[in-house]
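A.B. asks: After the structure tokens below, expect a handful of questions from me.
Residue numbers (our numbering), protein chains in the order written: chain U, 1 to 114; chain W, 1001 to 1114.
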């Protein structure tokens, strides 16, 4: 069965410091991974998709299949980055299409201090 | 284009009462899902659907019922509310190519069972 682990419930950094939110996954198939962000009392928003290899709001994430990790990084944290971050894994079938099941980690609350 | 709309936003129920949480999307998305969000537990999948007439159980389906008679709507029914069902409920939808586009989330329903 698929599993997503975010080992840190809370992460605090100061403005301008680098930040890394850890995500590890367990999945027998080829993973499709995402990072979602939830600002205070708002809906979840898609932040990054690993297949697009994009940088959004200065965040990047690289899939490391050897370490089964998909850590989220930003070189210089900003106060507006304070939020809950979720790593998520999409389950695919043998044909490579989605079952439609998205499994989330427990989430990491990032606080960026001024 | 309203995206994913959830109603109500807040609800208080007494133990044993039943109710339906509504979810509607206007993006012609094939996939729809219900999650519950609890502190320290992340988001857990309750039920999901890959198209009208097709539903399946997620990680925590007990006490909940779903049906998908149209592409647009995916209501979640609480059969007999229990205090353990106090949570924030999120509905999400996606195209069939969920890996490329990710899921779009509603704003949530905050449910308290007393």
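Built from N, CA and C at the ideal position, the CB exists for glycine as well.
Counting only the same chain and skipping the five closest in sequence on each side, list residues whose C-beta sits under 8 Å from that of residue 25/U.
C.D. replies: Taking the first chain and counting its residues from 1, the one referred to as residue 25/U is at position 25. Counting only Cβ-Cβ distances below 8 Å, and skipping sequence neighbours, we find 2, 3, 4, 5, 31, 33, 68, 69, 70, 87, 89.
A.B. asks: Quick one: what does DSSP say residue 1029/W is sitting in, helix, strand or coil?
C.D. replies: Residue mapping note: residue 1029/W aligns to position 29 of the second chain, counting from 1. Coil at residue 1029/W, not helix or strand.
A.B. asks: I need the boundaries of the beta strand (DSSP E) containing residue 1091/W, first residue and last residue.
C.D. replies: Working through the second chain from its first residue, we reach residue 1091/W at position 91. Residues 1087 to 1094.
A.B. asks: With a cut-off of 8 Å, does the C-beta of residue 1010/W fall near any C-beta of chain U?
C.D. replies: Counting from 1 along the second chain, the entry for residue 1010/W is found at position 10. Chain U, which has no Cβ nearer than 8 Å to the Cβ of residue 1010/W, makes this no.
A.B. asks: DSSP puts residue 61/U in a beta bridge; with which residues?
C.D. replies: Stepping through the first chain from its first residue, residue 61/U is reached at position 61. DSSP lists 72/U as partners of residue 61/U.
A.B. asks: Exposed or buried, residue 1046/W, counting other C-beta atoms within 10 Å across all chains shown (16 or more means buried)?
C.D. replies: Your numbering for residue 1046/W matches position 46 in the second chain. Looking at its Cβ environment, which holds 16 or more other Cβ atoms inside 10 Å, residue 1046/W is buried.
A.B. asks: Identify, in the order they occur along the chain, each residue of the same chain with its Cβ nearer than 7 Å to the Cβ of residue 1016/W, setting aside the five sequence neighbours on each side.
C.D. replies: In the second chain, counting from the first residue as 1, residue 1016/W sits at position 16. Cβ within range, chain order: 1080, 1081.
A.B. asks: Would residue 1042/W and residue 78/U be called neighbours here (beta carbons separated by less than 8 Å)?
C.D. replies: Start at 1 with the first residue of the second chain, and residue 1042/W comes out as number 42. Start at 1 with the first residue of the first chain, and residue 78/U comes out as number 78. No, Cβ-Cβ distance for residue 1042/W and residue 78/U is not below 8 Å.
A.B. asks: Using 8 Å as the threshold, is the C-beta distance between residue 1004/W and residue 1105/W below it?
C.D. replies: Working through the second chain from its first residue, we reach residue 1004/W at position 4. Working through the second chain from its first residue, we reach residue 1105/W at position 105. For residue 1004/W and residue 1105/W, yes; Cβs fall inside 8 Å.
A.B. asks: Where residue 1063/W and residue 16/U are concerned, what is the direct C-alpha to C-alpha distance, given to the nearest angstrom?
C.D. replies: Here residue 1063/W refers to the residue found at position 63 when the second chain is read from its first residue. Here residue 16/U refers to the residue found at position 16 when the first chain is read from its first residue. Cα-Cα distance, rounded: 46 Å.
A.B. asks: Listing by chain order, which chain W residues have their CB less than 9 Å from the CB of residue 46/U?
C.D. replies: Taking the first residue of the first chain as position 1, residue 46/U is located at position 46. Here the neighbours are 1101, 1102, 1103, 1104, 1105.
A.B. asks: Going by other Cβ atoms of all chains shown within 10 Å of its Cβ, with 16 needed for buried, is residue 1113/W buried or exposed?
C.D. replies: On the second chain, residue 1113/W is found 113 positions in, with the first residue counted as 1. The residue is buried, with at least 16 neighbouring Cβ atoms inside 10 Å.
A.B. asks: Go ahead and pull the three-state DSSP assignment for residue 25/U.
C.D. replies: Numbered from its first residue, the first chain carries residue 25/U at position 25. Reduced to three states, the DSSP call for residue 25/U is strand.
A.B. asks: Does any CB atom of chain W fall closer than 8 Å to the CB of residue 106/U?
C.D. replies: Here the question's residue 106/U lines up with position 106 in the first chain. Yes, its Cβ sits closer than 8 Å to a Cβ of chain W.
A.B. asks: Between the C-alpha atoms of residue 1027/W and residue 38/U, what's the straight-line distance to the nearest angstrom?
C.D. replies: Here the question's residue 1027/W lines up with position 27 in the second chain. Here the question's residue 38/U lines up with position 38 in the first chain. Rounded to the nearest angstrom, the two C-alpha atoms are 22 Å apart.
A.B. asks: With a 10 Å radius around its C-beta and 16 neighbouring C-beta atoms as the bar for buried, classify residue 1020/W as buried or exposed.
C.D. replies: Translated into positions along the second chain, residue 1020/W becomes position 20. Under this definition residue 1020/W is an exposed residue.
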